[in-house]
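This report concerns only the one structure given below.
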Amino acid sequence: MTARPSSPERALSPRPAPRTLGQRIRSGLALPLIASIALTSLPVVAQTADETAGARSLAEQGFKAYKAENWQEALDRFERAESLLHAPPHLLYAARASAKLGGYVKARELYNKILRETLPKNAPGAFKQAQKDAATELPEVEKKIAYLTISVSGPKAGEADVKLDGAEVPKALIGVERPVDPGTRKVSVSAPGFVAQDKEVSLAEAAHESISIELVADPNAVAAGAAEGTGEGGSGSDGGEGEGTGA
Numbered sequence: 001m002t003a004r005p006s007s008p009e010r011a012l013s014p015r016p017a018p019r020t021l022g023q024r025i026r027s028g029l030a031l032p033l034i035a036s037i038a039l040t041s042l043p044v045v046a047q048t049a050d051e052t053a054g055a056r057s058l059a060e061q062g063f064k065a066y067k068a069e070n071w072q073e074a075l076d077r078f079e080r081a082e083s084l085l086h087a088p089p090h091l092l093y094a095a096r097a098s099a100k101l102g103g104y105v106k107a108r109e110l111y112n113k114i115l116r117e118t119l120p121k122n123a124p125g126a127f128k129q130a131q132k133d134a135a136t137e138l139p140e141v142e143k144k145i146a147y148l149t150i151s152v153s154g155p156k157a158g159e160a161d162v163k164l165d166g167a168e169v170p171k172a173l174i175g176v177e178r179p180v181d182p183g184t185r186k187v188s189v190s191a192p193g194f195v196a197q198d199k200e201v202s203l204a205e206a207a208h209e210s211i212s213i214e215l216v217a218d219p220n221a222v223a224a225g226a227a228e229g230t231g232e233g234g235s236g237s238d239g240g241e242g243e244g245t246g247a
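Numbering (the numbering used here), first residue to last: 1 to 247.
Given below as structure tokens:
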């Protein structure tokens with residue numbers, strides 16, 4: 001029986017290039033890889049079987065949420081997985097999800113955490129790839145971070161409490177530039193004896209902005225302090241009349 005000659009097209013057509021990790025992720029083929037991370041993670045601390053299984057399940061949930069573009073759920077699941085069992089891919093996907101949500105400051109810290117880790121030569125390939133991806137993606141995130149300087153006047157230094165979007169601002173960061181996520185940010189300032197103030201500032205990506213807030217003395221607090229200072233019953237004019245005047 002004579003063999004059928006192969007068609008020129010078949011003979012000349014190149015073999016398809018192997019899929020990259022990103023392509024496998026988008027097609028859903030990387031799910032087994034993500035699920036296996038928990039089994040090949042670095043032995044930083046001993047994990048129980050329940051912790052390992054839980055981390056694997058959370059990583060699977062995180063990947064499914066990421067693929068569905070449910071960024072908040074993906075961030076939550078990968079952070080939970082990382083809390084149970086350390087693996088750079090957990091941090092990588094948490095960073096990506098945070099960036100998708102506009103949380104560039106957090107994403108940068110997560111990327112840097114991946115890059116600061118020294119991996120052993122026998123580390124899983126997924127761990128090494130996570131570091132390569134972090135190094136590639138970090139500069140794009142850094143370009144989007146905004147910077148804000150919050151200055152306060154009125155109270156003495158260190159007396160004012162400053163909050164940014166409801167979160168306490170460390171006193172060491174008052175009056176100096178700090179990285180923040182772009183968008184509309186709310187600054188709240190209060191101090192004993194002063195009228196509290198709230199201000200909003202809109203920050204574009206990569207913007208450098210400053211906001212100054214001057215607190216004024218609270219008139220009610222001043223009046224209350226003055227009343228306390230006068231003292232009550234200090235005259236003594238209504239006591240002891242007629243004593244010692246007997247005939």
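Backbone N, C-alpha and C fix where the C-beta goes; we use that ideal spot for every residue, glycine too. Nothing here was measured: the structure is a model prediction, and the numbers come from that model.
- Nearest to Leu110 by C-alpha distance, out of Leu91, Ala204, Pro120, Glu200, is Leu91.
- In the same chain as Gly62, and ignoring 5 residues on each side of it, the C-beta atoms closer than 7 Å to its own belong to Ala74, Arg77, Phe78, Ala81, Tyr93, in chain order.
- Counting the other Cβ atoms within 10 Å of the Cβ of Lys106 gives 16 or more, which makes it buried.
- Spanning the alpha carbons of Leu138 and Asn112 requires a straight line of approximately 8 Å.
- Here the alpha carbon of Ile174 sits roughly 27 Å from the alpha carbon of Asn220.
- If you look at Ile213, you'll find it in the beta strand (DSSP E) that goes 208-214.
- For Lys144, the three-state secondary structure derived from DSSP is coil.
- For Leu164, the enclosing beta strand (DSSP E) begins and ends at 161-164.
- With contacts defined by Cβ atoms closer than 8 Å, Tyr104 and Lys144 form a contacting pair.
- Its Cα nearest to that of Pro124, the residue Ala87 stands out among Ala87, Glu168, Leu115, Ser210.
- In the DSSP annotation of this structure, the continuous segment of the alpha helix (DSSP H) that includes Pro88 starts and ends at 88-100.
- Residue range 183-190 is occupied by the beta strand (DSSP E) that includes Gly183.
- A buried status is given to Ala55, since no fewer than 16 other beta-carbon atoms sit within 10 Å of its beta-carbon.
- Sequence-distant partners of Ser212 (beyond 5 residues in either direction) whose C-beta falls short of 6 Å from its own C-beta, in its chain, are Ser151.
- In the DSSP secondary-structure assignment, Arg178 is bridged to Leu148.
- For the set Gln197, Leu84, Glu214, the Cα lying nearest the Cα of Ser153 is the one of Glu214.
- In the DSSP assignment, the residues bridged to Ser153 are Glu214.
- DSSP places Lys199 in the uninterrupted beta strand (DSSP E) bounded by 197-203.
- Residue range 104-116 is occupied by the alpha helix (DSSP H) that includes Asn112.
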